[in-house]
Amino acid sequence: MTTVAKKSFGAVGGKEISAYTLKNDSGMTVTVCDYGCLVLSILAPDKNGSFGEVTLGYDTIEGYINGEGYFGAAIGRVGNRTKGAEFELNGKRYSLYKNDGNNHLHGGKIGFDSRIWTGEIVDGGVRFTYLSPDGEEGYPGNLSVAITYTLTDKNEFILDYAATSDADTPVNLTNHSYFNLAGGGADSSANILSQELRIAASYITPVDNELIPTGELMPVEGTPFDFREFHAIGERIRADHEQIQYGGGYDHNFVLDSGREFALSCEARCTETGRLMRVYTDQPGIQLYTGNMIKCAEGAGRGGRTYQLNDAFCLETQVHPDAIHNPQFPSALLKAGERYTHRTVYEFSVL
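Letter 222 of the sequence shown, counting from 1, is numbered 268 in my numbering, and no numbers are missing.
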């Protein structure tokens, strides 16, 4: 049975921020927060039964406010990049905030990662809600969003997303947790290059030099993107391949073979600690990002760490990026009065 403990985590604009720690019977804990619907911490067991921190983050709310990189954050209204920071819908053109060169990234200047959500303790976890008003960051429609975080006794961290809108609007929600299965937290200097991934994807959506999808599908066979069997993350991360060069490593959407069927999409493992993380989702894509642009002020990370290149990886479940401009991709459009739902599960075990 999972218990939930609530405590203060500072204040933003005079409003108190709360952190909620979920703990199951085996001792695994997940701590989440109502600022940015953040995942602050995940303590998962290793092969010796010792619990260690497997995410990157900050010790204080100020760290999240002032830091970069979306550590642990809920991402929305639309995750990833939107070409030209604009789109046309129902005959009307909408302009979005340009926060990634000429493009729109992860919901804009003040996305869901920087909003204060309302938290409510529920059975086994916490339900966070937020109303994104019509016109926020340029998007149409009043969007009601709920994200529920639960932890099971099987060490499953479950993320359930739901949303409704009173007008047609694009929606592509995800979470931007950074994982490192070495689990040393503040005391570890291990990066993720020796950790291994398997991704059930036969294609990626290749990108241009601004990391915007070209609209094509690229087979992974014979490329550094073939993770259909386990490979070390660092094995081909510096390969002489145009797509690797564009991303400075891996920063690409993998087209999951399962489509929108809820299924095992990815496995990550660290043979040194014995930690294994499986990712299940009902989304058609998953963004592998290997921390190629991590920025962290000296000593600003959790426990005084200075996070560096390739210190963690992200596995962001999603609809393919820039779907609004690529009708051949699965749709990210939420119709007025319809319901958006999305489930992702991060399951922790040992080898």
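The C-beta atom is built at its ideal place from N, Cα and C for all residues, glycine as well.
Note on geometry: alpha-carbon atoms of residue 293 and residue 47 lie some 42 Å from one another. Within the DSSP secondary-structure output, residue 121 pairs in a beta bridge with 220. When the alpha-carbon of residue 265 is set against those of 252, 258, 276, 257, the nearest one is in 252.
When 136, 223, 257, 96 are compared, the shortest CA-CA separation from residue 159 is found for 223. One Cα belongs to residue 59, the other to residue 109, and the distance between them is close to 15 Å.
In the three-state reduction of the DSSP assignment, residue 112 falls in the helix class. For residue 287, DSSP assigns no beta-bridge partner whatsoever. Annotated as distal: residue 84 and residue 131, with beta-carbon spacing of 7 Å or more. As a beta-bridge residue in DSSP terms, residue 323 pairs with 314, 394. For residue 91, the uninterrupted beta strand (DSSP E) segment begins and ends at 85-91. Judged by beta-carbon spacing, residue 295 lies beyond the 7 Å limit of residue 269, meaning their Cβ atoms are not closer than that value.
Distance from the CA atom of residue 182 to the CA atom of residue 397, rounded to whole angstroms, is 45 Å.
In the DSSP assignment, residue 277 is bridged to 243. For residue 279, the closest C-alpha among the options 383, 388, 206, 338 is that of 338.
Nearest neighbour of residue 208 by Cα position, chosen from 184, 176, 201, 237, turns out to be 176. Residue 376 and residue 365 have their C-alpha atoms spaced approximately 7 Å apart. The beta-carbon distance between residue 196 and residue 171, rounded to whole angstroms, is 3 Å. This is short enough to meet the 8 Å contact definition. Looking at the backbone, the Cα of residue 185 and that of residue 96 are separated by about 45 Å.
If you draw a 10 Å sphere on the C-beta of residue 383, you find fewer than 16 other C-beta atoms in it, and that means exposed.
Exclusion of the five residues before and after residue 392 leaves 203, 323, 325 as the residues of its chain whose Cβ lies within less than 7 Å of its Cβ. Per the coordinates, the alpha-carbon of residue 227 lies some 6 Å from the alpha-carbon of residue 316. Among the bridge pairs identified by DSSP, residue 331 is matched with 301, 364.
Within its own chain, the residues whose Cβ lies closer than 7 Å to the Cβ of residue 358, once the five positions on either side in sequence are excluded, are 102, 224, 225, 226, 238, 337, listed in chain order.
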